[in-house]
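Below: one structure, written as structure tokens.
Right, dumping it as structure tokens:
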């Protein structure tokens, strides 16, 4: 989860990311089954702020750019050259 999203830092405004949108972003890069409950639990466990609108539920987050994903993988000791989806 934290590979694709990060919590907004102080003074930074995050955007509303619906659970369905998060499933699209994460799901295109993995073969495991995802559910909205698992996505919601992962966001909650990582401390993201929950938000409910009239039509959907989601979280306030920053979607990582390709460069941020690469840098995050390197910082975590993941081989960034072979795991990038792009």
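In the working numbering, the protein residues as written are 22 to 107.
Note that beta-carbon positions come from the ideal geometry of N, C-alpha and C, so glycine has one too.
Within 8 Å, strictly: CB atoms of residue i and residue j
i          : j          : result
residue 40 : residue 84 : no
residue 25 : residue 51 : no
Buried versus exposed, by CB contacts within 10 Å (16 or more), residue i
i          : result
residue 79 : buried
C-alpha gap between residue i and residue j, whole angstroms
i          : j          : result
residue 73 : residue 93 : 29 Å
residue 77 : residue 86 : 24 Å
Cβ-based neighbour list, residue i, same chain, cut-off 8 Å, excluding 5 preceding and 5 following
i          : result
residue 36 : 81, 82, 83, 84
residue 33 : 83
residue 23 : 67, 93
residue 63 : 22
Other residues of its chain near residue i: CB distance less than 7 Å, five sequence neighbours each side excluded
i          : result
residue 65 : 71
Nonlocal neighbours in the same chain, by C-beta distance under 6 Å from residue i, ignoring five residues either side
i          : result
residue 55 : 44, 48
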